[in-house]
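Below is one structure, written out as structure tokens; the observations come after it.
Residue numbers (full-length UniProt numbering): 1 to 925.
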């Protein structure tokens with residue numbers, strides 16, 4: 001793809017013009033409205049016209065270039081094109097004139113996404129490009145020009161996907177000022193402390209103008225900059241002045257500089273851009289004859305990167321990440337870590353459901369997509385999840401009507417998956433009786449369990465190990481019998497429905513109690529429980545409140561000239577307002593299954609503290625909302641856990657749910673921080689866990705969604721749960737973050753935190769499996785009555801449970817006869833005495849029902865064979881980063897060894913009478 005026509009000049013400053021458009025997959029308008037150019041009164045933008053116009057203009061001159069990034073949009077456009085247009089586009093791609101950059105379904109957010117969903121959305125986009133254009137459609141460069149801060153795990157993922165480099169637009173204003181001074185805008189990012197060098201090394205560059213054109217050079221129809229007036233007879237002739245302005249960008253190390261020529265939804269009329277850029281190139285380069293040392297050319301990020309690589313310099317090393325991001329002294333973009341908590345949870349649950357859907361499609365074969373319950377598919381959910389990873393989707397920084405659209409897409413995706421899952425479970429169990437899924441169990445609503453005298457519950461476990469899980473079903477009886485597949489009685493208890501749940505549920509259900517018991521489900525499989533009513537009268541009412549030790553819960557209120565908003569967190573004081581020092585204890589339940597205490601801090605904040613039998617972790621179920629705003633103050637609600645751990649300003653947060661980074665209050669590893677926001681400037685994103693520790697104890701919190709967290713005081717850990725604000729924060733979204741909720745009086749959010757207290761050296765052994773269990777939750781489904789005699793009540797897709805260190809990250813149908821599988825080592829190096837060791841898995845002896853005939857290893861993004869991966873090498877002046885041998889090798893072709901934090905991706909050929917050669921050929925272009 002590196003085009004020979006692109007000529008650079010070694011003795012000059014080479015200015016690489018990169019024509020591009022930044023197309024948000026939803027933000028102020030929905031993804032559909034952006035594609036079609038609908039509702040232009042909100043924002044003028046129509047992606048279909050951009051692609052039409054650019055393809056037309058690229059054909060006018062072979063020197064012109066364009067890059068395109070968001071596959072979600074390109075896929076739609078491509079589907080609507082004629083054979084003739086497709087042929088032209090393919091030729092442009094093959095000649096390097098149209099180049100795909102990044103290439104995921106969207107440009108994902110980096111703070112609030114989970115690595116498994118990021119890998120999935122990248123794979124979805126890359127698979128489409130690979131199947132459509134082959135090797136010339138494979139993006140070489142990752143491009144995150146707009147996300148608000150950058151996660152180390154994302155860099156690690158891009159490196160493992162085979163990208164040669166990564167460019168972004170936003171970094172902290174203090175960090176940027178220092179880097180411009182020292183010419184360290186480009187660096188080598190070492191994105192893992194566990195993976196063997198240089199597996200997770202990624203060349204990273206900060207773009208000079210964010211992602212906009214330099215000032216005065218915006219020639220889009222949406223801009224007002226002067227065109228190039230090149231008739232010397234006209235008084236407005238401005239060629240010389242424009243050339244001079246180009247010489248002012250010299251804070252980069254090499255004699256190459258990249259200019260992003262484009263911005264949000266630009267190039268709808270591409271002629272304006274290209275006509276002026278053609279002139280710019282012509283006139284600037286004409287001055288070389290008079291001794292000018294500037295050479296301007298059409299280019300792409302990969303051509304620019306190639307030149308940097310050829311310069312053979314040594315580059316600074318970066319080992320931490322780029323959070324939090326501030327664009328001014330009082331403008332920390334740390335509010336979005338928590339914004340829209342219900343959407344953030346729904347996205348995470350949808351990921352769990354998608355993985356279950358993918359797995360069952362493989363385990364039950366072709367009948368899953370066309371079976372007794374109709375036509376189902378996993379693609380709709382894959383695309384909905386792909387769009388949800390966008391940096392204005394799960395991040396919570398979109399308009400309210402767009403947030404509803406993302407949720408609606410996920411719901412539609414699940415509706416398609418639900419048919420697939422029904423078909424699959426019918427195939428595996430042999431029972432075609434109707435099956436229901438209860439979506440509202442978290443507010444104790446499930447019509448079947450509320451009214452049925454006898455029913456069965458199927459528990460599907462998407463993890464590669466046996467799982468024990470507490471279940472709470474809404475019921476109206478006071479005593480039930482619960483039996484497992486062997487007919488053995490399971491300990492159960494009916495607890496009265498809490499006042500808090502009644503308030504959230506309102507009129508959506510009528511259960512008076514919850515039936516609580518523990519289920520155990522086999523790896524990658526299901527089991528069945530049979531539940532029948534023994535006593536039909538309503539459960540006994542709540543016992544009298546008793547006093548217990550108070551737990552403090554606090555809230556930040558916000559008011560200032562830079563207000564808190566969807567993006568920015570800016571409290572008006574450093575001391576939180578205490579909602580209530582002592583909680584009113586509503587009810588204490590002690591039974592053989594669960595002990596729980598319900599606490600009320602105010603009419604709109606309550607919490608249940610639970611300890612389940614046989615579990616060492618403490619569960620905090622919080623319910624917050626509707627957040628009152630009648631006092632004219634927006635509010636950001638935090639929960640703060642105060643301990644006597646001597647954490648001395650250090651705390652730890654995960655990166656996209658994988659590796660953990662050390663944080664220190666009022667400190668940044670790469671520059672001398674001038675702290676201007678003592679609270680917001682210390683907030684970091686967490687996706688699955690955060691902890692504080694000293695020599696003896698570690699308090700770890702595992703979360704059910706992405707949130708913002710910090711440690712402001714010694715021994716304390718705080719997590720922001722919910723935010724409702726009255727002002728826009730002037731970052732473009734144009735409306736306050738005040739979610740109306742289902743009943744239009746303010747959103748109620750409910751969630752769970754799991755707390756563990758362990759010695760530090762044993763903490764990972766507890767929090768790693770706990771967090772994976774929270775991400776991939778069992779799927780419950782219900783059938784009325786007693787299962788028929790020949791129903792298969794239990795199934796496991798694995799021959800044996802996976803070793804504790806190994807996580808089955810992906811199992812999904814790739815094409816008719818092959819399956820994509822990812823195996824992951826879920827421990828960091830030196831994190832666990834027992835599990836931070838290499839571990840080996842046999843691919844042929846993995847599945848109980850699938851016969852594996854062949855396996856080929858692929859890059860993490862599954863768009864290259866592993867053996868063909870060949871990335872650019874970079875020097876850091878430290879140890880030469882030549883590829884080292886992996887620390888542990890595979891003992892045999894079928895046996896795969898995983899080192900700490902390693903993910904390995906394979907295409908498996910299943911026994912279906914299909915020649916392996918043909919599967920391979922699909923990738924060789």
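Where a beta carbon is used, it is the ideal one built from N, C-alpha and C, also for glycine.
Residue i: which of the options sits nearest, CA to CA?
i           : options               : result
residue 152 : 638, 736 and 110      : 110
residue 382 : 120, 367 and 615      : 120
residue 199 : 130, 871, 77 and 511  : 871
residue 639 : 428, 813 and 578      : 578
residue 626 : 762, 739 and 405      : 739
residue 278 : 773, 447 and 60       : 60
residue 648 : 634, 710 and 624      : 710
residue 690 : 786, 364 and 707      : 707
residue 779 : 425, 847, 703 and 702 : 425
residue 10  : 255, 458 and 808      : 255
residue 293 : 12, 803, 441 and 800  : 12
residue 874 : 134, 159 and 683      : 159
residue 855 : 908, 700, 724 and 824 : 908
Which value, in whole angstroms, describes the spacing of the CA atoms of residue i and residue j?
i           : j           : result
residue 592 : residue 492 : 8 Å
residue 171 : residue 765 : 35 Å
residue 757 : residue 659 : 20 Å
residue 777 : residue 352 : 6 Å
residue 540 : residue 391 : 48 Å
residue 274 : residue 19  : 9 Å
residue 16  : residue 795 : 58 Å
residue 582 : residue 341 : 26 Å
residue 389 : residue 310 : 35 Å
residue 768 : residue 323 : 23 Å
residue 460 : residue 312 : 53 Å
residue 555 : residue 754 : Note that residue 555 scores 47 on pLDDT, short of 50, meaning its location in the model is unreliable and no value can be drawn from it.
residue 814 : residue 898 : 23 Å
residue 210 : residue 154 : 19 Å
residue 704 : residue 772 : 10 Å
residue 344 : residue 295 : 47 Å
Does DSSP classify residue i as helix, strand or coil?
i           : result
residue 548 : Because residue 548 sits at a pLDDT of 42, beneath the cut-off of 50, its placement in the model cannot be relied upon, and the following sentence gives the value as read from the coordinates. If DSSP states are grouped into helix, strand and coil, residue 548 belongs with coil.
residue 610 : strand
residue 186 : strand
residue 78  : helix
residue 685 : strand
residue 318 : strand
residue 381 : helix
residue 658 : coil
residue 889 : coil
residue 798 : strand
residue 927 : The first residue shown for the chain is 1 and the last is 925, placing residue 927 beyond what the model contains.
residue 475 : strand
residue 200 : coil
residue 615 : coil
residue 872 : coil
residue 908 : strand
residue 404 : helix
Who are the near neighbours of residue i in its chain, counting only those whose CB is closer than 7 Å to its CB and skipping five residues on each side?
i           : result
residue 178 : 671
residue 810 : 820, 821 and 822
residue 963 : In this structure the chain extends from 1 to 925, so residue 963 is not present and cannot be described.
residue 844 : 852 and 894
residue 536 : 477
residue 479 : 494, 534 and 535
Which residues in the same chain have their Cβ closer than 6 Å to the Cβ of residue i, if we skip the five residues on either side of it in sequence?
i           : result
residue 395 : 109, 112 and 336
residue 7   : none
residue 498 : 598
residue 33  : 39
Only counting runs of 3 or more residues, tell me where the beta strand (DSSP E) segments fall wholly within the region 511-537, in order along the chain. 513-521 and 525-535
Extract the residue ranges of the beta strand (DSSP E) inside the region 2-60, only unbroken runs of 3 or more that lie entirely within it. 13-19
Enumerated in chain order, which unbroken segments of the alpha helix (DSSP H) with a length of 4 residues or greater are wholly contained in the region 265-341? 270-286 and 301-310
In chain order, which continuous runs of the beta strand (DSSP E) of length 3 or greater are located wholly inside the region 428-466? 454-461
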